[in-house]
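Numbering (this note's numbering), first residue to last: 10 to 150.
Using N, Cα and C, we set each Cβ at its ideal position, and we do this for glycine too.
Presented below is the structure to which this report refers.
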């Protein structure tokens with residue numbers, strides 16, 4: 010398996026400039042890419058002031074589209090920054106990765122789009138005509 014970072018930066022994060030690949034592992038049918046933010050700091054979402062003071066770090070695990078019939082997971086290290094503005098109600102905030110995933114999301118934006126288009130079905134463009142999930146109620150009318 011290809012393990013050099015530039016290859017994975019291009020393959021996984023093409024068009025997303027704020028992420029660096031740290032490591033790639035493959036085991037038990039899943040490829041996992043460890044990544045982190047590249048920016049020196051971030052802007053507070055409340056007061057729009059820049060901060061580079063790191064308060065903490067945490068891991069996000071994001072499922073992405075399958076790669077070569079293997080599961081694909083991004084383990085993203087997210088930094089929490091301290092907002093130093095005295096008049097700002099927010100003390101800490103997480104660096105945003107809005108092009109990669111929505112806040113608190115467990116799937117990447119790319120996987121969400123594919124699922125919304127019906128990419129998880131066997132039929133192009135969505136499920137077979139007349140198919141209904143087992144939990145859906147009977148149509149009324």
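Nearest to residue i (by Cα), restricted to the options the options
i, options, result
"residue 76", "118, 122, 35", "35"
"residue 101", "93, 108, 107", "93"
"residue 50", "64, 40, 41", "64"
"residue 68", "120, 125, 114, 122", "114"
"residue 116", "103, 124, 81, 73", "73"
"residue 81", "37, 112, 48, 66", "37"
"residue 66", "79, 78, 44", "44"
"residue 42", "70, 123, 108, 112", "70"
"residue 79", "124, 125, 39, 109", "39"
Anticipated Cβ contact below 8 Å, residue i with residue j, distance rounded
i, j, result
"residue 88", "residue 46", "6 Å"
"residue 60", "residue 90", "4 Å"
"residue 48", "residue 104", "7 Å"
"residue 124", "residue 118", "In fact, because the Cβ distance is near 11 Å, the residues do not count as touching under 8 Å."
Three-state class that DSSP yields for residue i in the structure shown
i, result
"residue 124", "helix"
"residue 116", "strand"
Residue i: CB within 7 Å of a non-hydrogen atom of the ligand FAD
i, result
"residue 52", "The ligand content of the structure shown is nil, which means the ligand FAD is not present either."
Item checked: Those runs of the beta strand (DSSP E) which lie wholly inside the segment 25 to 109 and span at least 3 residues -> Here the runs fully enclosed are 28 to 36, 39 to 46, 63 to 76, 79 to 91, 101 to 103.
Check: Do the segment 89 to 104 and the segment 44 to 58 make contact, defined as three or more Cβ pairs closer than 8 Å?
Finding: Contact holds: three or more Cβ-Cβ distances are below 8 Å.
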